[in-house]
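Chains as they are written, first to last, in this note's numbering: chain A, 32 to 277; chain B, 32 to 277.
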């Protein structure tokens with residue numbers, strides 16, 4: 032809908048087509064928006080993607096996202112064409128509204144336990160971004176924190192005894208943490224010591240990652256580590272090369 | 032179950048009684064734990080409360096709450112007696128597991144919109160705590176931020192045209208933001224200028240607050256502004272007087 036180009040300040044507001052199709056306001060390299068793409072793909076829900084320049088935001092963005100963040104999901108079939116924000120809220124909405132391909136477990140306890148793991152993953156996110164963006168001095172401590180965080184998920188996958196957190200196929204927990212695992216692949220391009228997941232310590236996670244890369248929903252929005260690293264390297268120099276792939 | 036006293040380092044682990052009743056690990060003045068008390072009360076779910084000293088934490092706390100936070104809700108009827116953490120996850124679990132008194136709207140869109148408002152309330156929380164804990168120099172900016180945050184909820188209540196956010200009775204949104212509205216009453220004891228909600232700018236919210244104070248679930252865990260202020264004044268001097276009410 033924005034043809035992959037990131038709409039910036041001064042861009043005319045994209046007109047709402049009369050097709051009733053969901054509109055996702057996104058940014059190609061945003062891991063939170065990535066979550067919404069994955070859920071939409073996994074559920075085979077058609078959608079228009081509108082990419083947003085997050086440093087020079089279009090004036091009309093706050094009509095859809097009051098805090099100017101992505102993802103925002105506009106619902107053209109609903110009265111007033113409202114938009115939802117916050118990746119986890121968008122994900123759970125989609126899971127409830129489009130139950131044909133369920134992603135969260137039906138059992139309230141199992142669902143709550145998966146949500147707690149998603150929440151606990153946020154400590155890994157903080158450490159990862161320190162390394163992605165940060166100086167190499169900060170890296171050793173942050174790498175330790177990342178590995179400790181991954182330990183929780185390795186242990187969990189091991190105790191579940193299934194290839195995916197969701198069982199025989201990816202569920203909500205898999206998709207909600209995937210954007211950062213995909214980005215972990217950029218560490219071998221960003222760090223001098225070419226960091227990779229320890230294949231013994233993280234044997235289950237490594238197998239899981241290899242399966243996830245071949246999942247249809249993941250493939251639909253996948254970028255390799257080298258591409259993620261290229262965007263991040265520019266960002267380290269304060270260059271936001273949103274349209275790098277267009 | 033802890034008799035209102037906050038269990039500290041060295042306290043023996045409370046034994047699990049054979050009654051199948053939920054156990055809530057809480058701290059009497061914690062607004063996040065407050066949310067869990069409200070949901071349990073609103074749904075008439077019996078529970079044991081175990082209060083925790085959060086500065087000198089009991090060694091066994093991490094068995095129930097891996098990050099040592101409250102609330103944590105232990106579920107003795109479930110296999111392995113698991114515990115859930117994170118106030119919003121606990122609240123939504125209870126709403127799904129005990130649907131007799133529903134708190135979230137059934138409609139996925141309305142539910143998502145209420146969750147977004149709960150999320151947006153967190154900017155108010157940050158500003159409130161600046162004032163609760165902070166120097167009077169920080170106060171004017173933070174008070175402006177609080178009022179701007181409250182504007183969103185005033186407008187929302189006005190557009191809903193109902194006494195509560197949940198309609199004719201309080202729903203999840205009402206209970207999730209209430210702990211901080213209850214604590215806003217302490218501002219008249221903490222600030223020299225005796226801050227109160229502007230009765231014209233916030234006419235709907237003032238009427239809502241007056242109704243909420245008389246709600247049974249709220250009454251079951253209510254403390255007045257003076258009591259909250261007393262706890263907070265001590266905390267400003269780095270004294271955590273957890274057992275103030277025991």
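Backbone N, C-alpha and C define an ideal beta-carbon position, used for all residues, glycine too.
Small disclaimer: the values here were computed from a predicted structure and weren't measured.
Between the CA atoms of residue 135 of chain B and residue 61 of chain B - distance to the nearest angstrom: Counting from 1 along the second chain, the entry for residue 61 of chain B is found at position 30. Counting from 1 along the second chain, the entry for residue 135 of chain B is found at position 104. Going by the C-alpha atoms only, they are around 23 Å apart.
For residue 251 of chain B, the residue or residues it bridges with in DSSP: The sequence position of residue 251 of chain B within the second chain is 220, counting from 1. Its beta-bridge partners do not exist; DSSP assigns none.
Quick one: grab the DSSP three-state call for residue 129 of chain B. Position 98 of the second chain, counting from 1, holds the residue named residue 129 of chain B. In the structure shown, residue 129 of chain B sits in coil (DSSP, three-state: anything other than H, G, I, E or B).
By the DSSP assignment, the beta strand (DSSP E) with residue 276 of chain A in it spans what residues? Here residue 276 of chain A is taken as the residue at index 245 of the first chain, counted from 1. Neither: residue 276 of chain A is in no beta strand (DSSP E) and is coded neither H nor E.
Pair every Cβ in the segment 92-100 of chain B with every Cβ in the segment 108-117 of chain B, then say whether three or more of these pairs are closer than 8 Å. Yes: at least three Cβ pairs fall under 8 Å.
Taking buried to mean at least 16 other C-beta atoms within 10 Å of its own C-beta, is residue 40 of chain B buried or exposed? By one-based count along the second chain, residue 40 of chain B stands at place 9. It counts as exposed.
For residue 76 of chain B and chain A, any beta-carbon pair shorter than 8 Å? Indexing the second chain from 1 puts residue 76 of chain B at position 45. Closer than 8 Å: no.
Might you give, ordered along the chain, the residues of its own chain that have their beta carbon closer than 6 Å to the beta carbon of residue 249 of chain B, omitting 5 neighbours on each side? Numbered from its first residue, the second chain carries residue 249 of chain B at position 218. Around residue 249 of chain B: 243.
Say whether the segment 68-76 of chain B touches the segment 265-275 of chain A, bearing in mind that this needs 3 or more beta-carbon pairs closer than 8 Å, one atom from each stretch. no
Go ahead and label residue 205 of chain B buried or exposed: buried means 16 or more other beta carbons lie within 10 angstroms of its beta carbon, across all protein chains shown. Taking the first residue of the second chain as position 1, residue 205 of chain B is located at position 174. Flag for residue 205 of chain B reads buried.
Taking the CB atoms as reference points, tell me whether residue 163 of chain B and residue 263 of chain B lie closer together than 8 Å. On the second chain, residue 163 of chain B is found 132 positions in, with the first residue counted as 1. On the second chain, residue 263 of chain B is found 232 positions in, with the first residue counted as 1. Yes, these two residues count as a Cβ contact at 8 Å.
DSSP state of residue 65 of chain B mapped onto helix, strand, coil: In the second chain, counting from the first residue as 1, residue 65 of chain B sits at position 34. Residue 65 of chain B: helix per DSSP, three-state reduction.
Would you call the segment 144-162 of chain A and the segment 211-226 of chain A touching, i.e. three or more CB-CB distances under 8 Å? Contact holds between the segment 144-162 of chain A and the segment 211-226 of chain A, because three or more Cβ pairs, one in each stretch, are under 8 Å apart.
Smallest Cα separation from residue 143 of chain B: which of A:234, A:257, A:104, A:157? Numbered from its first residue, the second chain carries residue 143 of chain B at position 112. Checked all of A:234, A:257, A:104, A:157; the closest Cα to residue 143 of chain B is A:104.
So is the beta-carbon of residue 161 of chain A under 7 Å away from any non-hydrogen atom of the ligand HEM? As far as ligands go, the structure on display features none, and thus does not contain the ligand HEM.
Pick out whichever of B:71, B:230, B:55 has its Cα sitting closest to the Cα of residue 130 of chain B. Here the question's residue 130 of chain B lines up with position 99 in the second chain. It is B:71 whose Cα lies nearest to the Cα of residue 130 of chain B.
Answer with yes or no whether the minimum CB distance from residue 140 of chain B to chain A is below 8 Å. Looking up residue 140 of chain B in the second chain gives position 109. With 8 Å as the cut-off, residue 140 of chain B counts as an interface residue toward chain A.
Cutoff 7 Å; reference residue 42 of chain B; Cβ partners in own chain excluding five residues on either side: Indexing the second chain from 1 puts residue 42 of chain B at position 11. Within the same chain, residue 42 of chain B has close Cβ partners 89.
Proximity test, Cβ basis, 8 Å: residue 186 of chain B and chain A: For the purposes of this step, residue 186 of chain B is taken as residue 155 along the second chain, with counting starting at 1. For residue 186 of chain B, the answer is no, since every Cβ of chain A falls outside 8 Å of its Cβ.
Tell me, please, whether the CB atom of residue 206 of chain B is closer than 8 Å to any CB atom in chain A? In the second chain, residue 206 of chain B corresponds to position 175, counting from 1. False, the Cβ-Cβ gap to chain A never drops below 8 Å.
Tell me, please, whether the segment 227-234 of chain A touches the segment 171-186 of chain A by the rule of three or more beta-carbon pairs shorter than 8 Å. yes
Residue 267 of chain B classed as buried or exposed, judged by whether at least 16 other C-beta atoms fall within 10 angstroms: By 1-based counting over the second chain, the position of residue 267 of chain B is 236. Per the 10 Å Cβ criterion, exposed.
Determine, using beta carbons only, whether residue 143 of chain A comes closer than 8 Å to chain B. As a position in the first chain, residue 143 of chain A is number 112, starting the count at 1. Interface residue (Cβ-Cβ distance to chain B less than 8 Å): residue 143 of chain A is classified as such.
DSSP three-state assignment for residue 163 of chain A, whether helix, strand or coil: Start at 1 with the first residue of the first chain, and residue 163 of chain A comes out as number 132. If DSSP states are grouped into helix, strand and coil, residue 163 of chain A belongs with the helices.
Quick one: which chain A residues come within Cβ less than 7 Å of residue 116 of chain B? Stepping through the second chain from its first residue, residue 116 of chain B is reached at position 85. 147, listed in chain order.
Any Cβ of chain A within less than 8 Å of the Cβ of residue 124 of chain B? As a first step, residue 124 of chain B is located in the second chain; it is residue number 93 there, counting from the start. With 8 Å as the cut-off, residue 124 of chain B counts as an interface residue toward chain A.
Where are the beta strand (DSSP E) runs, 3 residues long or more, that stay fully inside the segment 74-112 of chain A, in chain order? 78-82, 103-105
Interface residues of chain A facing residue 257 of chain B [CB-CB closer than 9 Å]: As a first step, residue 257 of chain B is located in the second chain; it is residue number 226 there, counting from the start. What residue 257 of chain B touches in chain A: nothing, since even the nearest Cβ is about 35 Å away.
Report, in whole angstroms, the separation of the C-beta atoms of residue 122 of chain B and residue 207 of chain B, which I expect to be a contact under 8 Å. Translated into the one-based positions of the second chain, residue 122 of chain B becomes position 91. Translated into the one-based positions of the second chain, residue 207 of chain B becomes position 176. That belief holds up - the Cβ atoms of residue 122 of chain B and residue 207 of chain B are roughly 7 Å apart, short of 8 Å.
Consult DSSP for residue 56 of chain A and reduce its assignment to one of helix, strand or coil. The residue you call residue 56 of chain A lines up with position 25 of the first chain. If DSSP states are grouped into helix, strand and coil, residue 56 of chain A belongs with the strands.
Please state whether the Cβ-Cβ distance between residue 102 of chain B and residue 57 of chain B is less than 8 Å. Here the question's residue 102 of chain B lines up with position 71 in the second chain. Here the question's residue 57 of chain B lines up with position 26 in the second chain. Residue 102 of chain B places its beta carbon less than 8 Å from that of residue 57 of chain B.
Any idea which residues DSSP pairs residue 38 of chain B with across the strands? Taking the second chain and counting its residues from 1, one reaches residue 38 of chain B at position 7. Residue pairing by DSSP places residue 38 of chain B opposite B:83 in a beta bridge.
Any beta carbon from chain B within less than 8 Å of residue 100 of chain A's own beta carbon? Position 69 of the first chain, counting from 1, holds the residue named residue 100 of chain A. No, residue 100 of chain A does not count as interfacial toward chain B.
When DSSP labels each residue in this structure, what does residue 198 of chain B get in the three-state scheme? Here residue 198 of chain B corresponds to residue number 167 of the second chain, with the count starting at 1. The answer is strand: DSSP assigns residue 198 of chain B an E or B state.
Can you tell which of A:125, A:99, A:55, A:137 has the C-alpha that lies nearest to the C-alpha of residue 80 of chain A? For the purposes of this step, residue 80 of chain A is taken as the residue at position 49 of the first chain. Nearest option by C-alpha distance: A:55.
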